[in-house]
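Here the structure comes first, spelled out in structure tokens, and everything after it is commentary.
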Amino acid sequence: MKLKRMISMLLIIISIMNFTGCGNLKGPKNDEGQISTTAGGNIIVPVTEKPEIVNPAFTNVGEVQLVSNIIYSPLFSYGDGDVKTYLAESVDVKDNKEITVKLKENLKWHDGKPINADDLEYTINLILDENQDSPLREYLIIDEKPIKAEKLDELTIKITLPVENSMFLYNLSKVVPIPKHIYKNEDIVATSERNKTPIGSGPFKFKEWTKEDSMVLEKYDDYYSGSPKADFITIKVFSSEEAAEEAFNKGELTIVKASPELYDKAYKGEELQSYTFSQGRLNYIVFNQNVSSMQNIVFRKALSYALDRKGMIVAAYGESGAEKVEEGNSILIKEAELYIEDEVEVYNHDIEKSKALIEESGVAINNLKLAYNTEAFAHKEYAEIVQKQLKDIDIEVDIVPYENVDFYNKLYSKDDECALYISGYSLGLAPEDYRKMFETGSYYNQIGYTNFKVDNLWKVGAEEVDADRRKAIYRDIQRQIASDAAIYAIDYEQNLMVAQKKLDGVPEAKPTANILFEDWSKLHLNNK
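Just so you know, the sequence shown maps onto residues -20 to -1, 1 to 508 in mature numbering (1 follows the signal peptide of the UniProt record, and there is no 0).
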């Protein structure tokens, strides 16, 4: 695998912290440069990365995915065993090997052309084309073989898997149709000039790029579920999170991903709205088993008992925000299928037990190095608390900060300089997707963890189609990895959000990880 491709996949796995916000009482400028206002309002979404290409076949991470989700609608979403349809009218599964997807009738692209099975078949084959280098391709490869898509009629396609797979609906939910009539003559779609003026299917359509380097989207009145309540969404690029929060404090934004200080102010006051939602991400401490001392399971357990999640969470989120954060336990995120929390060893803070285990381990170390990513939310705070907590067992911790790319290069180099890392991942709902992080010899197994029993369980679990047997297998995997103290789970990351009172429709829009809102059509500004 090419280095560029590998780094891209790392960023997807780790799910780089995305930054979002939205809302303004002002509308886009009219032709004369004056500010126009309308009842539905203009929602401004600040980002820290310019979303130059929002084609969903090539956007699978961070803020670009957020923008893509506003312009393009998915076929369906999948979670907790349930399918929620969007462009799809129905999704039928046969023998965990054939999926028939039927589109709703009378769907239209933003240019008025019909959305049909040709578009869906084209999108799947485009993603599978290795020359296109889509980050979604891995989701359409089962047992190292590609799926097959076949058009049945104008609205229906059949997807055939090379082998049975009970979790493929989760993979397929990541496929968002793009218009065949726009891209069919493009050699390499990712670099096509047509991406600069996207034609989508979502609640808002592309209008223009402004001189201020903002992307303006306007409501799409023919949206399949009805005309959106807001009139515009403007994607505005900020230099940093701090700059966006400053704009919010000046009243220029209606909603923003907040610092703990701003969230605390909103939470305790009455002038602002505050809410949280899961980022779908586990933050954890890596015990780098490429370091000889970390290969000692008793020593890893001793360190785990010396640590205290509660202190880390308060340091990261503040007192008010910490109330909304759940402590980590399993290697799976809480939303994942087959997640368990009451059957795994969680290593609750116990200094005396930690000291006894250190003596039992025979490891005589009084200094460790800990690395963290300077661009990841709260990882600095976690590192500083770990440093303080390990002093209680007479271990000095030297903290080593790395910028984002350097951090992952270091982490995946598998060297023995740093015994501890603060890390995190967002791997989704399917337990199979966590396999690469803990399987012996996997490139993504940055911790050097080895357990051949667990390796076999991953293999058997991926092939098992009986629901009860699958459940037992993945429960056993979670229990075993926790018992091995392979990592120390800190928390399930929460987004702290603050909004002005002017913003309505937040609960109906359903705040969610990565894309900020599941349904942007429900948001609007009130006239109060």
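No residue lacks a Cβ here, since even glycine has one placed at the ideal position from N, Cα and C.
Quick caveat, the model's predicted, so the values are computed rather than measured.
Where residue i and residue j are concerned, what is the direct C-alpha to C-alpha distance, given to the nearest angstrom?
i           : j    : result
Y150        : G59  : 7 Å
L287        : Y119 : 36 Å
E272        : R280 : A quick correction: the sequence has Ser, not Glu, at residue 272. Spanning the two alpha carbons is a distance of roughly 11 Å.
K154        : I277 : 38 Å
T140        : A358 : 43 Å
K490        : Y247 : 19 Å
S207        : K199 : 7 Å
S239        : L409 : 27 Å
S501        : A282 : 51 Å
residue 553 : L46  : Any question about residue 553 goes unanswered here, given that the chain covers just -20 to 508.
D72         : V196 : 37 Å
E110        : A129 : 16 Å
K64         : L348 : 48 Å
V380        : K93  : 54 Å
E444        : K74  : 16 Å
L132        : T103 : 16 Å
D396        : M274 : 10 Å
F(-2)       : E340 : Residue placement at F(-2) is poorly supported in this model, since its pLDDT is 37, which falls under 50; the coordinates still yield a value, given next. Straight-line Cα distance between these residues: approximately 45 Å.
L350        : Y423 : 21 Å
I345        : S70  : 60 Å
D99         : R449 : 38 Å
K416        : K439 : 11 Å
M147        : E124 : 16 Å
Does DSSP put residue i in a helix, a strand or coil?
i           : result
M477        : strand
F497        : strand
A97         : helix
D471        : strand
H504        : strand
D72         : strand
K237        : strand
K410        : Residue identity differs from the one stated: residue 410 is Ala in this sequence, not Lys. Three-state result, A410: coil.
I215        : strand
residue 583 : Outside the shown range of the chain, which is -20 to 508, sits residue 583, and nothing can be said about it.
V377        : strand
V63         : strand
Y423        : coil
N263        : strand
I127        : coil
G404        : strand
I137        : strand
When the Cα of residue i is compared with those of the options, which residue comes out closest?
i    : options                   : result
I235 : Q480, N49 and N276        : Q480
I375 : Q367, Y382 and L233       : Q367
T214 : V445, S341, P26 and K502  : P26
K191 : E222, K216 and Y247       : K216
S463 : Y382, D448, T430 and R449 : T430
K164 : L116, N105 and I122       : N105
A442 : Y423, I51 and Y414        : Y414
I127 : E78, I331 and Y66         : E78
A68  : G61, N76, L437 and T80    : T80
I24  : L152, K131 and A210       : A210
E332 : A351, I373 and I402       : I373
A363 : W89, E250, L503 and R289  : R289
E498 : R450, E222, V478 and Y52  : Y52
Q253 : N270, V266, L233 and I265 : L233
L476 : R174, E241 and D435       : E241
Q460 : N507, A227, F418 and V305 : F418
S300 : V324, I265 and T256       : T256
S48  : N175, E412 and K304       : N175
T28  : E361, A223, D167 and L152 : A223
E251 : V486, K482, A227 and L503 : K482
Would you call the CB atoms of residue i and residue j closer than 8 Å?
i    : j    : result
L496 : G21  : no
T177 : F186 : yes
I158 : P31  : no
I293 : A170 : no
I95  : S205 : no
A356 : G291 : no
C398 : N263 : no
A493 : G342 : no
I121 : N145 : no
S284 : A466 : no
Y392 : Q426 : yes
G308 : D244 : no
K88  : D202 : yes
Y66  : V266 : no
G433 : N270 : Sequence check: residue 433 is Lys here, not Gly. Not closer than 8 Å, so no.
F38  : P115 : yes
Would you say the beta carbon of residue i is closer than 7 Å to some non-hydrogen atom of the ligand SAH?
i    : result
L283 : Ligands in the displayed structure: none, and consequently the ligand SAH is not present.
Taking one C-beta from the region 308 to 320 and one from the region 470 to 478 each time, how about it: are there three or more such pairs within less than 8 Å?
Touching, yes, given that three or more Cβ pairs across the two stretches are closer than 8 Å.
Is it the case that the region 382 to 396 contacts the region 338 to 358, given that we only count it when at least three CB pairs across the two stretches are under 8 Å?
Taking one beta carbon from each stretch, the region 338 to 358 and the region 382 to 396 have 3 or more pairs nearer than 8 Å; the two touch.
Validate contact between the region 316 to 329 and the region 449 to 457 using beta carbons, cut 8 Å, 3 pairs:
Segments in contact, yes.
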